[in-house]
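Colleague: I am attaching a structure below and will ask some questions about it afterwards.
Number of protein chains: 2
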Amino acid sequence: MARDSHATKARLLDAALTEFATHGIAGARVDRIAEAADANKRLIYVYFGNKEQLFDHVMERALAAGAESVPFDVEDLPGYAGAIFDLLSGRPELMRLVLWKQLERPAATPAQQEAYAAKARALAAAQQAGRVDPAFEPTDILTMVLALSQAWFAAAGGPATEPDGSAWDARRRSAHRAAVVEAVGRLTAPPAPPGS
Amino acid sequence: MARDSHATKARLLDAALTEFATHGIAGARVDRIAEAADANKRLIYVYFGNKEQLFDHVMERALAAGAESVPFDVEDLPGYAGAIFDLLSGRPELMRLVLWKQLERPAATPAQQEAYAAKARALAAAQQAGRVDPAFEPTDILTMVLALSQAWFAAAGGPATEPDGSAWDARRRSAHRAAVVEAVGRLTAPPAPPGS
């Protein structure tokens with residue numbers, strides 16, 4: 005019987021994402037991942053290396069998928085922020101993955117550094133061309149846009165919960181999204197030309 | 005010999021903060037905390053309860069100390085955000101504590117809910133009085149102000165590190181702080197009166 009290693013790898017990475025999002029890196033158990041993926045635990049080491057390296061693979065794959073479904077758009081930063089809000093709204097496990105990374109494995113991988121640098125270059129060019137407010141440095145814009153897009157998923161009370169403990173309803177969700185979009189606009193729209 | 009239980013409690017809470025900030029809740033070990041505090045492990049249970057309850061005590065104490073050193077100031081929200089930035093800059097372990105809480109124990113305690121509600125009421129009154137832009141709901145302002153104040157401590161690369169892996173220097177630190185202050189001003193300053 006032919007072994008479909010591509011499908012097995014994908015199942016392992018899916019199971020690993022769920023395990024890491026739930027328990028973090030130190031708390032994750034490789035045998036639970038293997039069992040959830042219906043695969044031999046040894047294959048994890050063969051395909052991906054140790055648990056930390058497996059986490060890096062999961063993270064790279066999640067970031068690549070995120071960048072594909074929500075491409076960075078320097079011409080519409082409020083829309084980009086709203087799209088990240090929507091992505092995290094539908095997939096709160098991605099926010100957890102990012103938070104665990106910040107705590108347990110904060111150093112950016114070379115691929116992450118390059119993705120970040122490419123966005124910063126695009127922002128600098130847009131500032132040069134007068135399409136983004138030059139008041140902030142490109143990396144500060146990126147940091148703030150991401151922080152605002154993620155804010156409601158990493159806020160007091162827990163995911164999709166108000167600080168008072170009540171769960172989000174449709175009106176609140178939509179107000180939060182509108183706040184992200186409006187806030188990013190205020191931070192990035194170029195100043196109006198004099199006399200306008 | 006008289007036992008100074010107040011001092012022992014404070015030593016245990018200090019040691020617990022360090023342990024939780026480093027390892028999180030699941031990863032924290034009560035015997036390491038007792039050893040670091042030079043106290044009997046049994047006293048932790050006597051004074052604070054189980055490990056989760058100990059975490060709640062540590063968190064309440066850290067938030068109370070934070071609120072005392074950086075009081076909420078609805079009349080100067082940019083200054084408040086800058087002061088949070090300074091606090092986290094000097095004590096990055098507080099940011100880690102908050103991140104672990106978001107992942108492992110997200111529900112707000114009653115004291116946290118009340119502190120949040122008090123800030124929201126102050127913001128609503130300031131909006132009513134025309135001193136804060138009424139465009140955003142009070143809880144959305146709080147969420148965004150906190151997210152911006154914390155953004156650089158929870159960003160890609162790790163604490164006090166740029167996304168490109170380089171460590172913060174004094175110029176960058178000061179640019180980041182200025183960006184927080186300016187951004188919070190843009191989101192909260194009341195609109196200029198017509199004709200001004």
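Chains A and B, in that order, are what the protein sequence lines are. Be aware that the first sequence starts at 5, since it is given in the numbering used here, and climbs by one per residue. Be aware that the second sequence starts at 5, since it is given in the numbering used here, and climbs by one per residue. We put the beta carbon where it would ideally sit given N, CA and C, even for glycine. Note that the coordinates shown come from a computational prediction; the quantities given were computed from them, not determined experimentally.
1) My assumption, with CB atoms under 8 angstroms, is that A/Ala85 sits in contact with A/Leu152. Please give the rounded CB distance.
2) Which full runs of the alpha helix (DSSP H) of 4+ residues lie inside the region 95 to 125 of chain A, going along the chain?
3) Check whether the region 15 to 35 of chain B and the region 100 to 114 of chain B touch, using three or more Cβ-Cβ pairs below 8 angstroms as the test.
4) Got a sec: is the Cβ-Cβ distance from A/Ala6 to anything in chain B below 8 angstroms?
5) Considering only their Cβ atoms, is the gap separating B/Ala111 from A/Gly169 smaller than 8 angstroms?
6) Output the distance between the C-alpha atoms of A/Met5 and A/Ala11, rounded to the nearest integer angstrom.
7) Less than 8 angstroms between C-beta atoms, sequence neighbours within five positions excluded: which residues of the same chain meet that for B/Asp35?
8) Can you tell me the Cα-Cα spacing of A/Ser93 and B/Ala69, whole angstroms?
9) Check whether the region 129 to 138 of chain A and the region 134 to 142 of chain B are in contact - that is, three or more C-beta pairs closer than 8 angstroms.
10) Residues of chain A with CB closer than 8 angstroms to the CB of B/Leu152, please, in chain order.
11) Between the Cα of A/Arg125 and those of A/Ile145, A/Pro114, A/Ala171, spot the shortest distance and give me the residue it belongs to.
12) Does A/Thr12 come out as helix, strand or coil in the three-state DSSP assignment?
13) Measure the C-alpha to C-alpha separation of B/Met99 and A/Asp8 and round it to an integer number of angstroms.
14) Hey, could you find the ends of the alpha helix (DSSP H) B/Glu141 is sitting in?
15) Specify, as a first and last residue, the run of the alpha helix (DSSP H) that B/Asn134 falls within.
16) Would you call the CB atoms of B/Tyr51 and B/Leu101 closer than 8 angstroms?
17) Could you pull out every residue in the same chain whose Cβ sits closer than 8 angstroms to the Cβ of B/Gly83, ignoring the five residues on either side in sequence?
18) When DSSP builds the beta bridges, which residues end up paired with A/Ala171?
Modeller: Looking at the coordinates:
1) 6 angstroms
2) 96 to 108
3) yes
4) Note that A/Ala6 scores a pLDDT of 44, beneath 50, so its modelled location is shaky; the value from the coordinates is reported in the next line. So, not an interface residue.
5) yes
6) Annotation note: pLDDT 40 at A/Met5 (below 50); position unreliable, no value reported.
7) Lys45
8) 33 angstroms
9) no
10) Met148, Ala151, Leu152
11) A/Ile145
12) helix
13) 44 angstroms
14) Careful: B/Glu141 lies outside any alpha helix (DSSP H) and carries neither H nor E.
15) Correcting the residue type first, residue 134 of chain B is Gly in the shown sequence and not Asn. It is not in any alpha helix (DSSP H) - B/Gly134 carries neither H nor E in the DSSP assignment.
16) no
17) Asp77, Val185
18) A/Thr165
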